[in-house]
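Report on the structure given below.
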Amino acid sequence: MVSKTFVKVTAEHDESGQVKPLLLTWTDGKKYEIDRVTDVRQAPSLKGGGLGMRYTVKVRGKEVYLFEDEGKWFVEK
Amino acid sequence: MARTILHVDLNNFYASVECLYHPELRGKPVAVSGDVENRHGIILAKNQLAKAAGVKTGEAIWQAKGKCPGLICLPPDYRKYLRFSRLARKIYADYTDKIESFGIDENWLDVSGSVALFGDGMKIANEIRRRIREEMGVTASVGVSWNKIFAKLGSDMKKPDATTVITEENFRQVVWPLPVEELLYVGRSTKNKLNNRAVFTIGDLAARDVQLLKLSLGVWGETLWTFANGLDAAPVAQSGEESFVKSVGNSTTTPRDLVNIEDVKMIVFVLAESVAARLRRHGLKCRTVAVHIRNNELYSFERQGKLAAPSFLASDIAGKALEIFRQNYTWDRPIRSLGVRGADLVTEHGTVQLDMFAPDSAEQEQLERTLDRLRERFGPYCVRRCALLQDDRLTGFNPKDDHVIHPVSFFR
Numbered sequence: 316m317v318s319k320t321f322v323k324v325t326a327e328h329d330e331s332g333q334v335k336p337l338l339l340t341w342t343d344g345k346k347y348e349i350d351r352v353t354d355v356r357q358a359p360s361l362k363g364g365g366l367g368m369r370y371t372v373k374v375r376g377k378e379v380y381l382f383e384d385e386g387k388w389f390v391e392k
Numbered sequence: 018m019a020r021t022i023l024h025v026d027l028n029n030f031y032a033s034v035e036c037l038y039h040p041e042l043r044g045k046p047v048a049v050s051g052d053v054e055n056r057h058g059i060i061l062a063k064n065q066l067a068k069a070a071g072v073k074t075g076e077a078i079w080q081a082k083g084k085c086p087g088l089i090c091l092p093p094d095y096r097k098y099l100r101f102s103r104l105a106r107k108i109y110a111d112y113t114d115k116i117e118s119f120g121i122d123e124n125w126l127d128v129s130g131s132v133a134l135f136g137d138g139m140k141i142a143n144e145i146r147r148r149i150r151e152e153m154g155v156t157a158s159v160g161v162s163w164n165k166i167f168a169k170l171g172s173d174m175k176k177p178d179a180t181t182v183i184t185e186e187n188f189r190q191v192v193w194p195l196p197v198e199e200l201l202y203v204g205r206s207t208k209n210k211l212n213n214r215a216v217f218t219i220g221d222l223a224a225r226d227v228q229l230l231k232l233s234l235g236v237w238g239e240t241l242w243t244f245a246n247g248l249d250a251a252p253v254a255q256s257g258e259e260s261f262v263k264s265v266g267n268s269t270t271t272p273r274d275l276v277n278i279e280d281v282k283m284i285v286f287v288l289a290e291s292v293a294a295r296l297r298r299h300g301l302k303c304r305t306v307a308v309h310i311r312n313n314e315l316y317s318f319e320r321q322g323k324l325a326a327p328s329f330l331a332s333d334i335a336g337k338a339l340e341i342f343r344q345n346y347t348w349d350r351p352i353r354s355l356g357v358r359g360a361d362l363v364t365e366h367g368t369v370q371l372d373m374f375a376p377d378s379a380e381q382e383q384l385e386r387t388l389d390r391l392r393e394r395f396g397p398y399c400v401r402r403c404a405l406l407q408d409d410r411l412t413g414f415n416p417k418d419d420h421v422i423h424p425v426s427f428f429r
């Protein structure tokens, strides 16, 4: 019962090292555009388990936590 | 001017990290334990629920399961813990550059220079706790005081996720009623010695005549007395400074008890090879070899001896270690764990006293360096000593790379 899903992410890395996730590909291949990143901070994922950079993103009007844990991206269920 | 020192202790560190990675285990008693097959089957850490059930660090898994039937035991993942330890240090580094680690989950911070920036010790302590909770998902307890000893004591007093402040005004009420074994470096045998002399609390110790303590405990007596009175003035080391190597050692608890000199020889060779390889990598030679022995009753001791000349050769180190062993062990009990340590280090290119009659070690050094390179390319088991092949299970471990968390001493 692990409540997180690893996803494919397309992101933009700028000159200063900032990372901006742009596109999220779900496990079934469906693509979701990331409309806005509202917050970035290091935080634990209490629901999914793990720790990493937490991107608070808006996808189709819904707020989602997108985590990057040592190079792997996941979404809490 | 009085210093402001924090001691930050990450609560139930291994277990907390594992629980964070296994949210499905929340609300269940969890412990991190070693490998039973290889007789490392003891509890290394436990969470609050397991602690409440009476599970203690260091006891065998079967004992723990007896007290706490639903206990879930997880294997340790040191890479994860080292990552968390580094993250915590990064948080501390926002407040001071004087960070001294004491094991993987404890650190002293000297924030005397930054109280004007961030507020007093209590405020910084609370902020660090909040950040560890929010950014890392684990908790810490912090002791705040003007010396390292009381700071450490403070962090042990209230757990988890709490701050304890010990000041020059309140330490007589807060610290002195505590039993004397709460003090850093008062272990079982010192506690017994002190108890026999009617010293039961830290206050008793502080009130004793320091000369009497010196008579009964030696220099230690005086050191402990200064600890008890809050007079310890040891500085918090600058971060990074602790990487300076004082000695290089490896030890192991063997998969079965060692019963004769042949067994001991095998283990000593494995350990000496690792110690020697690590010395070579750091460009160091040792002048003293120390051997640590623990029998199956868990009684342990260490003996050491000087080498004729500084060396980083496994054959020299193993030879000396075996000589020390033969002189000091009487085989009244089988051995459970062995350690070999090279101390009294010098740089490899330092001047040496040449011996007219001893064989030239240059050839031997070249040979061992070649072995290092072979092992780097083809793995640690590509070239091995013949003696080690007698028992694969006993010698099939690699102390150099398997596991790298070393306890550290307060007195550097």
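Sequence lines, in order, name chains F and V.
Each residue of the first sequence is one higher than the one before, starting from 316 at the first, in this note's numbering.
Each residue of the second sequence is one higher than the one before, starting from 18 at the first, in this note's numbering.
Glycine residues also receive a C-beta, built at the ideal position from the N, C-alpha and C atoms.
**Request:** Could you spell out where the alpha helix (DSSP H) holding W242(V) opens and where it closes?
**Result:** V236 to A245
**Message:** Contact between the region 123 to 142 of chain V and the region 272 to 280 of chain V is defined here as three or more beta-carbon pairs at a separation below 8 Å; is this criterion met?
**Reply:** no
**Prompt:** Measuring CB to CB, does S328(V) end up less than 9 Å from K302(V)?
**Reply:** yes
**Asked** Helix, strand or coil for Y38(V) per DSSP?
**Response** helix
**Item:** Between the CA atoms of K169(V) and I219(V) - distance to the nearest angstrom
**Value:** 14 Å
**Asked** Going by alpha carbons, who is nearest to V49(V) out of N55(V), R43(V), E41(V) and S33(V)?
**Response** S33(V)
**Message:** Here's a check: name, in chain order, each residue in its chain whose Cβ is nearer than 7 Å to the Cβ of S260(V), leaving out the five neighbours to either side.
**Reply:** Any answer about S260(V) is weak, because its pLDDT of 48 lies below 50 and its placement is not dependable; what the coordinates show is given next. Around S260(V): no qualifying Cβ.
**Asked** Taking 9 Å as the CB-CB limit, is M153(V) close to chain F?
**Response** Taking Cβ atoms only, chain F reaches closer than 9 Å to M153(V), which makes this a yes.
**Item:** Span of the beta strand (DSSP E), counted from its first residue to its last, around G356(V)
**Value:** I352 to T364
**Prompt:** Between E385(F) and V155(V), what straight-line distance do the alpha-carbon atoms span, to the nearest angstrom?
**Reply:** 18 Å
**Prompt:** In whole angstroms, what separates the C-alpha of V372(F) from that of P194(V)?
**Reply:** 54 Å
**Prompt:** On the three-state DSSP scale, how would you describe T412(V)?
**Reply:** helix
**Request:** Alpha carbon to alpha carbon, how far is D408(V) from R147(V)? Give it in angstroms, no decimals.
**Result:** 52 Å
**Message:** For R295(V) and S317(V), I'd like the C-alpha separation in whole angstroms.
**Reply:** Taking the straight line from one Cα to the other gives about 25 Å.
**Prompt:** If you pair each beta-carbon of the region 169 to 189 of chain V with each one of the region 225 to 233 of chain V, do three or more pairs fall below 8 Å?
**Reply:** no
**Request:** Tell me whether I183(V) sits in a helix, a strand or coil according to DSSP, three-state version.
**Result:** Judged by DSSP in its simplified three-state form, I183(V) adopts coil rather than helix or strand.
**Prompt:** From the DSSP output, which residues share a beta bridge with N143(V)?
**Reply:** According to DSSP, which records beta bridges pairwise, N143(V) is partnered with nothing at all.
**Message:** Please confirm whether A326(F) has its beta-carbon closer than 9 Å to some beta-carbon of chain V.
**Reply:** no
**Request:** Going by DSSP, name the residue or residues bridged to G44(V).
**Result:** DSSP output for G44(V) lists no bridge partner at all.
**Prompt:** When the Cα atoms are used, what is the spatial distance from T74(V) to P46(V)?
**Reply:** 14 Å
**Request:** Mind checking the region 28 to 50 of chain V against chain F and listing, in chain order, the residues whose C-beta falls within less than 7 Å of any C-beta there?
**Result:** L37, Y38, H39, P40 and E41
**Request:** Determine the extent of the alpha helix (DSSP H) in which T387(V) is found, giving its start and end residues.
**Result:** A379 to F395
**Prompt:** Buried or exposed: where does C403(V) fall if 16 or more other Cβ atoms within 10 Å of its Cβ makes it buried?
**Reply:** exposed
**Prompt:** Excluding five sequence neighbours on each side, which residues of the same chain lie with their C-beta closer than 7 Å to the C-beta of L388(V)?
**Reply:** Within the same chain, L388(V) has close Cβ partners V400.
**Prompt:** Which one or two residues does DSSP pair with Q357(F) in a beta bridge?
**Reply:** M368(F)
**Asked** Shorter than 9 Å from the beta carbon of L361(F) to some beta carbon of chain V?
**Response** yes
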